[in-house]
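Engineer: Using my numbering, the first residue of the sequence shown is number 13, and each one after it goes up by one.
A virtual CB, placed ideally from N, CA and C, is assigned to each residue, including glycine.
Source: prediction; values computed, not measured.
Submitted below is the structure of interest, expressed as structure tokens.
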Amino acid sequence: MKRINIYYFVIFLLGLFLWNIFVSQKHEQISFYGFAETRETEINYNHPVRINTIYVGPGQSVVEGEKLLEVSRIKSKESLQDQDFIVSELLSKAEKWTTQMNNKIEILNSNFDINNKKLDAEIKVLQDELKYKQSLTEEITSINKNSNSGFINLRNKIKALQDEKKYLKNKTETEKKALELEKTKGLNPYYKEIDRLNASKEFEVSQQVQTFDVLAPSNGLIGNIQCKEAEHIPAFKTLLSFYEPNPSYIKAFVHEDLILEVNPNDNFNVNSIKNASYSINGKVIGLGSRIVEIPERLRKVPDYKTYGREVTIEISSDNNFLQKEKVILELQEKNDKSSNLSVSK
13 MKRINIYYFV IFLLGLFLWN IFVSQKHEQI SFYGFAETRE TEINYNHPVR
63 INTIYVGPGQ SVVEGEKLLE VSRIKSKESL QDQDFIVSEL LSKAEKWTTQ
113 MNNKIEILNS NFDINNKKLD AEIKVLQDEL KYKQSLTEEI TSINKNSNSG
163 FINLRNKIKA LQDEKKYLKN KTETEKKALE LEKTKGLNPY YKEIDRLNAS
213 KEFEVSQQVQ TFDVLAPSNG LIGNIQCKEA EHIPAFKTLL SFYEPNPSYI
263 KAFVHEDLIL EVNPNDNFNV NSIKNASYSI NGKVIGLGSR IVEIPERLRK
313 VPDYKTYGRE VTIEISSDNN FLQKEKVILE LQEKNDKSSN LSVSK
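Structure, rendered in structure tokens:
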């Protein structure tokens, strides 16, 4: 009987031992290393500038609105020269367009002269015929001189040609006026663009050199200064980097075997390695989209290459961590307030 009790007692101890191992491994699976990071802001401009004065140095603490640099905006000469070239081309097109308008007017005048002379010639022929017939009737006394029926057709033809002359003249004058009006500078399509470019050039010349200050966007620290006084900096090149005063997120890597254990919005204890009593809460706000090599500094065994998934954990900016400070992350459990700081590989 005693042997049976001892047997069950051993079974019980063995089960308790295995359960402790399981719990220990479970905690180990959800703990890993990370380091505190500060959001970096790179200050640059979309146009060339000249650095006049640098008021700060790397690592210097600044407050929001504090003057960091004095710079001058410089409009590139190449851009202004490009505008001059475009204006020159448009002027050439405008002159060509004006020449075309003059040619149309000349053609219109030439056609009018030809058609007008043609009508004059036809009218003269009819008038001569009318005079000739009138002279014949005067010699024949038997014909009633008061009768004009024999000349009506000729007179009607002459009047029709004269009316056609008037219509041709009015039409030609109307078309000439339209072309003359269109030829003026106001309606020339190229001069409108030339005026716009000249106005733009005048504004850019007035803005070619413009001095202004670069101010701190918020409280923080100056990072690297990548410019020197009197240096000309091209567009989009970084002038300096700016950091928040305290880390605002943790960058970590969870081992590839444990990636299913970490999900968005999971809460973590962020524990300091330097000060074991210091811990704050953090929440998962981002997960990497691929498996990558875990940095040597964040491995359990630095010499042994391991792979995992990047995890971004947001923390309150009101914290005591230093930038790049190494921390231990432990997934919070609702029913287990105890803390185990063992780290996964």
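1) CB-CB under 7 angstroms to lysine 79, same chain, minus the five flanking residues each way: which ones, in chain order?
2) Let me make sure I understand the geometry here. Which of Ala133, Ile340, Ser104 and Leu272 has the alpha-carbon closest to that of lysine 169?
3) Determine the direct distance from the alpha carbon of valine 83 to that of glutamate 322, and round the result to whole angstroms.
4) What separation, rounded to the nearest whole angstrom, lies between the Cα atoms of leucine 25 and isoleucine 18?
5) Quick one: is proline 259 buried, meaning 16 or more other Cβ sit within 10 Å of its Cβ, or exposed?
6) Between which residues of its own chain and glutamate 308 is the CB-CB distance below 6 angstroms, once the five residues before and five after are set aside?
7) Quick one: Cα of serine 291 to Cα of leucine 341, how far?
8) Expressed to the nearest angstrom, what Euclidean distance is found between the alpha-carbon atoms of aspartate 330 and asparagine 56?
9) For phenylalanine 44, tell me which candidate among Gln335, Ser230, Thr318 and Cys239 has the shortest Cα-Cα distance.
10) Over what stretch of residues does the alpha helix (DSSP H) that includes glutamate 176 continue unbroken?
11) Can you look up alanine 106 in the DSSP assignment and give me helix, strand or coil?
12) Assign glutamate 1 to one of two classes, buried (16 or more other C-beta atoms within 10 Å of its C-beta) or exposed (fewer than that).
13) Mind reading off the beta-carbon distance from lysine 336 to phenylalanine 47? Whole number of angstroms is fine, and I expect it under 8 angstroms.
14) Of all Cβ atoms in chain D, is any one closer than 7 angstroms to the Cβ of asparagine 56?
15) Can you give me the C-alpha to C-alpha distance between leucine 233 and isoleucine 262, rounded to a whole angstrom?
16) For leucine 62, I'd like the list of residues in its chain whose CB is within less than 6 angstroms of its CB, leaving aside the five on either flank, ordered along the chain.
17) Can you tell me whether DSSP reads isoleucine 206 as helix, strand or coil?
18) Per DSSP, isoleucine 244 is paired with what?
19) Using 10 angstroms around the beta-carbon of phenylalanine 254, count the other beta-carbons present and answer buried if the total reaches 16, otherwise exposed.
20) Give the list of continuous beta strand (DSSP E) stretches no shorter than 3 residues that lie fully inside the stretch 231-288.
21) What three-state label does DSSP hand glutamine 344 in the structure shown?
22) Kindly indicate which three-state DSSP category isoleucine 98 falls into: helix, strand or coil?
23) With a threshold of 8 angstroms, are at least 3 pairs of Cβ atoms found where one atom belongs to the stretch 271-284 and the other to the stretch 294-312?
24) What is the DSSP secondary structure of phenylalanine 333, counted as helix, strand or coil?
25) What's the gap between the Cα of serine 100 and the Cα of glutamate 194?
26) According to DSSP, glutamate 305 sits in a beta bridge with which residue or residues?
27) Under three-state DSSP, which class holds tyrosine 57?
28) By DSSP, does valine 137 sit in helix, in strand, or in coil?
29) Would you call serine 284 buried or exposed, if buried means 16 or more other Cβ atoms sit within 10 Å of its Cβ?
30) For lysine 338, which residues does DSSP report across the bridge?
31) As a quick exercise: from Asn58, Leu120 and Arg167, pick the residue whose alpha carbon is nearest that of proline 246.
32) Rounding to the nearest angstrom, what Cα-Cα distance links leucine 343 and glutamate 268 in this structure?
33) Just mark alanine 172 as buried or exposed, buried being the case when its beta carbon has 16 or more other beta carbons within 10 Å.
Structural biologist: Result, derived from the coordinates:
1) Walking along the sequence shown from the start, residue 79 turns up at place 67. Once the five neighbours on either side are set aside, the close Cβ partners of lysine 79 are Tyr67, Asp225 and Leu227.
2) Position 157 of the sequence shown, counted from the start, is the residue given in the question as residue 169. Considering only alpha carbons, the answer is Ala133.
3) For this step, residue 322 is matched to residue 310 along the sequence shown. For this step, residue 83 is matched to residue 71 along the sequence shown. Going from the Cα of glutamate 322 to the Cα of valine 83 covers about 39 angstroms.
4) One-based indexing of the sequence shown puts residue 25 at position 13. One-based indexing of the sequence shown puts residue 18 at position 6. If I take the Cα positions, the gap works out to 10 angstroms.
5) Mapped onto the sequence shown, residue 259 falls at position 247. Buried.
6) Taking the first residue of the sequence shown as 1, we reach residue 308 at position 296. The residues are Pro314.
7) Walking along the sequence shown from the start, residue 291 turns up at place 279. Walking along the sequence shown from the start, residue 341 turns up at place 329. Whole-angstrom Cα-Cα distance: 10 angstroms.
8) One-based indexing of the sequence shown puts residue 330 at position 318. One-based indexing of the sequence shown puts residue 56 at position 44. Whole-angstrom Cα-Cα distance: 28 angstroms.
9) For this step, residue 44 is matched to residue 32 along the sequence shown. Of Gln335, Ser230, Thr318 and Cys239, the residue nearest in Cα terms is Thr318.
10) Locating residue 176 in the sequence shown gives position 164, counting from the first residue. For glutamate 176, the uninterrupted alpha helix (DSSP H) run begins and ends at 164-195, by DSSP.
11) What you label residue 106 is simply residue 94 of the sequence shown in a count that begins at 1. Alanine 106: helix per DSSP, three-state reduction.
12) An answer regarding residue 1 cannot be provided, because it is not within the stretch 13 to 357 covered by the chain.
13) As a first step, residue 336 is located in the sequence shown; it is residue number 324 there, counting from the start. As a first step, residue 47 is located in the sequence shown; it is residue number 35 there, counting from the start. The Cβ separation is near 5 angstroms, so the contact holds.
14) Chain labels in this structure do not include chain D; a single protein chain is all it has.
15) For the purposes of this step, residue 233 is identified with residue 221 of the sequence shown, where counting begins at 1. For the purposes of this step, residue 262 is identified with residue 250 of the sequence shown, where counting begins at 1. Cα to Cα, the separation comes out at about 18 angstroms.
16) One-based indexing of the sequence shown puts residue 62 at position 50. The sequence shown places arginine at residue 62, rather than the leucine named in the question. Only Ser84, Ile86 and His244 meet the Cβ criterion.
17) Here the question's residue 206 lines up with position 194 in the sequence shown. Three-state result, isoleucine 206: helix.
18) Residue mapping note: residue 244 aligns to position 232 of the sequence shown, counting from 1. This sequence places histidine at residue 244; isoleucine is not what is there. DSSP output for histidine 244 lists Arg62 as bridge partner(s).
19) In the sequence shown, the residue the question calls residue 254 occupies position 242. Here phenylalanine 254 is buried. Its C-beta has 16 or more other C-beta atoms within 10 Å.
20) 232-237, 252-255, 261-267 and 279-284
21) Locating residue 344 in the sequence shown gives position 332, where the first residue counts as 1. Coil, per DSSP.
22) Here residue 98 is taken as the residue at index 86 of the sequence shown, counted from 1. DSSP places isoleucine 98 in helix when its eight states are reduced to three.
23) Contact between the stretch 271-284 and the stretch 294-312 is present, because at least three Cβ pairs lie under 8 angstroms.
24) Position 321 of the sequence shown, counting from 1, holds the residue named residue 333. If DSSP states are grouped into helix, strand and coil, phenylalanine 333 belongs with coil.
25) Taking the sequence shown and counting its residues from 1, one reaches residue 100 at position 88. Taking the sequence shown and counting its residues from 1, one reaches residue 194 at position 182. Using only the alpha carbons, I get a separation of about 22 angstroms.
26) As a first step, residue 305 must be located in the sequence shown, where it is residue number 293. Answer is Tyr319, bridged to glutamate 305.
27) Taking the sequence shown and counting its residues from 1, the one referred to as residue 57 is at position 45. If DSSP states are grouped into helix, strand and coil, tyrosine 57 belongs with coil.
28) Here the question's residue 137 lines up with position 125 in the sequence shown. It is helical.
29) Translated into positions along the sequence shown, residue 284 becomes position 272. Flag for serine 284 reads buried.
30) Taking the sequence shown and counting its residues from 1, one reaches residue 338 at position 326. Per DSSP, the beta bridge partners of lysine 338 are Phe47.
31) Taking the sequence shown and counting its residues from 1, one reaches residue 246 at position 234. Out of Asn58, Leu120 and Arg167, Asn58 has the C-alpha closest to the C-alpha of proline 246.
32) Residue numbering aside, residue 343 sits at position 331 when the sequence shown is read from its first letter. Residue numbering aside, residue 268 sits at position 256 when the sequence shown is read from its first letter. Computed Cα separation, rounded: 16 angstroms.
33) Looking up residue 172 in the sequence shown gives position 160. Exposed.
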